[in-house]
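A short write-up of the structure that comes next.
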Amino acid sequence: MAEIVYKIEIFEDWHAGSGLSAGADVDLLVIKDADNFPFIPGKTLKGLLKNGAMDLADAGVLDYESIHGLFGEDAQASDNRREEHHSRQGKFYFSNAELTRNVKQKLRNKTHILYRKISSTAIEQEGQAREKSLRRIEMAVPLVLFAKIDHVENKEQLEILEKCMKMVKRLGSWRNRGYGRCAFSIVDGGAL
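Structure (structure tokens):
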């Protein structure tokens, strides 16, 4: 079983949420590691790639059984209620996407430059801001992150991953509002 490395080039501001706030200053903070660097959790990456795989299956390019075998399957109760579907773990293991060690060393005491705060408010039909609707969100600046996928067994699985990666065009919160445009690519051809 092989481990592949892939990179995520993020071309615009992006927000992978931590679920935390900074009180009155910022309503939503980016998820950060212990050294204050942004990262994307492996679980999030798995979800993005699995969604891409499901879109490909809907288009007839991949089959659902292969997707469930590689990415896992969520537990669901059937309509019949007597029959229960159990979850199953997929073969692939996804690491977090992070900056390289070299970049982290260079930015060790300057992590503040990796973030900016944006503000938004709801606008009423009359063109005025709705009261108490101002929100401040911390965004990470465009970066290149790297991650790994373990347990890739053959070139067929590698090709499936490449197809799924091409399906991911945006990531993070507000990706449907124009943030987080990105491109995923396998480093060094996957080296299986």
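Following my numbering, the numbering of the sequence shown begins with 147 at its first residue and continues without gaps.
Glycine included, C-beta positions come from ideal geometry on N, C-alpha and C.
Quantities reported herein were computed from a predicted structural model and do not represent experimental measurements.
Query: State buried or exposed for G326, treating a residue as buried only when at least 16 other CB atoms are found within 10 Å of its CB.; Result: buried
Query: For a quick check, are the C-beta atoms of I186 and N242 less than 9 Å apart?; Result: yes
Query: Using the three-state DSSP reduction, which class does Q271 fall into: helix, strand or coil?; Result: coil
Query: Going by beta-carbon coordinates alone, are V176 and A286 separated by less than 9 Å?; Result: yes
Query: Name the two residues that bound the continuous beta strand (DSSP E) containing R281.; Result: R281 to A286
Query: Would the beta-carbon of F217 fall within 9 Å of that of A329?; Result: no
Query: Report the partner residues of L291 according to the DSSP bridge assignment.; Result: I154
Query: Name the DSSP bridge partner or partners of R234?; Result: E219
Query: Rounded to whole angstroms, what's the CA-CA distance from K192 to F240? Just pull it up for me.; Result: 6 Å
Query: Specify whether the stretch 310-317 and the stretch 194-214 touch according to this definition: at least 3 beta carbon pairs, one from each stretch, less than 8 Å apart.; Result: yes
Query: Starting from A199, follow the alpha helix (DSSP H) in both directions and report where the run begins and ends.; Result: G188 to D204
Query: Count the other CB atoms, across all protein chains shown, that sit within 10 Å of the CB of S279; report buried if there are 16 or more and exposed otherwise.; Result: Here S279 scores only 49 on pLDDT, less than 50, and its place in the model should not be relied on; the value that follows carries that caveat. Looking at its Cβ environment, which holds fewer than 16 other Cβ atoms inside 10 Å, S279 is exposed.
Query: Just list the residues that DSSP pairs S265 with in beta bridges.; Result: R282
Query: Label G318 either buried or exposed according to how many other C-beta atoms from any shown protein chain fall within 10 Å of its C-beta, with 16 as the threshold for buried.; Result: buried
Query: Please report the Cβ distance between L260 and L291, rounded to the nearest whole angstrom; I am assuming they are in contact, meaning their Cβ atoms lie under 8 Å.; Result: Rounded, the Cβ-Cβ distance is 11 Å, inconsistent with contact.
Query: According to DSSP, is D225 helix, strand or coil?; Result: Only weak support exists for where D225 lies, its pLDDT of 49 falling under 50; the value from the coordinates is given anyway. Three-state result, D225: coil.
Query: Pull the bridge partners of I306 from the DSSP assignment, please.; Result: I306 is not bridged to any residue.
Query: Determine the closest residue to T257 out of E155, F183, L174 and K153, with distance taken between C-alpha atoms.; Result: F183
Query: Excluding five sequence neighbours on each side, which residues of the same chain lie with their C-beta closer than 6 Å to the C-beta of I264?; Result: I283 and M285
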